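The letter at position 55 of the sequence shown is residue 35 when you use our numbering, and the numbering goes up by one with no holes.
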Amino acid sequence: MQLAMKMMALTLATAVAALTLLPATLSHAASGEEVIKARIAFMKDDVGEQWKTLAAFAKNSAGSLADVEKSARAIVDLTKKIPAHFPKDTGRGNYSDDVTRALPAIWKDGAGFQKEIQRLADESGKLAQLAKDGNNDAVLAMIGTSGSYARTKIGCAECHKSFRGPAVKK
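Okay, structure coming up:
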């Protein structure tokens, strides 16, 4: 009985250790190109999908202020994940321009990059509050009625201007 208990305890301890180390192992095992693909998917699928809701509301009056609030709060949460998608040496200079648009400025000016991420979080939080308060005009002013992130007051464009290079024409 004692031997069986010791074996179960050892098996459990091994499983816990493996699960604890798994995320670190996977992140180190991923190639730079895999990291870049995951980053692009995150920005497009996760952040971009939330932006689509905001843009549709501003441009076409689609959805509701509750939808805007939900998406703005989701962006606040997603900003916490942005830095992890930009590990060192996964930008232009290490990879060709057709693989990534991430500029070396991200790592050379890490404080500036963090500041822009924080601005996106702060402004998205303000947008969520305006939507919650039912302030339709302020929501539209903040998003911009064009629905383009480049014209928004939220902070997307500022980060893209400094830290994202132009797309390569294929």
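Even for Gly, the Cβ is constructed at its ideal location relative to N, Cα and C.
The model shown is predicted, which means the values in this text are computed figures rather than measured ones.
Contact annotation: Val56 and Ala101 have beta-carbon atoms nearer than 8 Å. Within its own chain, the residues whose Cβ lies closer than 8 Å to the Cβ of Gly124, once the five positions on either side in sequence are excluded, are Ala38, Arg131, Thr132 and Lys133, listed in chain order. With a minimum length of 4 residues, the unbroken runs of alpha helix (DSSP H) contained wholly in the region 82 to 109 fall at 85 to 88. In this model, Glu96 and Gly12 are separated by some 24 Å (Cα to Cα). Judged by DSSP secondary structure, Phe143 falls within the alpha helix (DSSP H) whose first and last residues are Cys136 to Phe143. For Val119, the enclosing alpha helix (DSSP H) covers residues Asn116 to Ile123. DSSP lists Tyr75 as the bridge partner or partners of Arg72. Here the C-alpha atom of Ala111 lies approximately 7 Å from the C-alpha atom of Ala46. Residue state for Asp113 is assigned as coil, using DSSP reduced to three classes. Straight-line spacing of the CA atoms in Arg53 and Pro84 works out to 29 Å.
In summary, Gln94 is exposed, with fewer than 16 beta-carbon neighbours lying within 10 Å of its beta-carbon over all protein chains present. Straight-line spacing of the CA atoms in Ser142 and Asp113 works out to 33 Å. In summary, Gln98 is exposed, with fewer than 16 beta-carbon neighbours lying within 10 Å of its beta-carbon over all protein chains present. Residue environment analysis places Ala91 among the exposed positions, since fewer than 16 neighbouring C-beta atoms fall within 10 angstroms of its C-beta. The beta carbon of Arg81 sits closer than 6 Å to the beta carbons of Arg144 and Gly145 from its chain, once the five residues preceding and following it are set aside; these are given in chain order.
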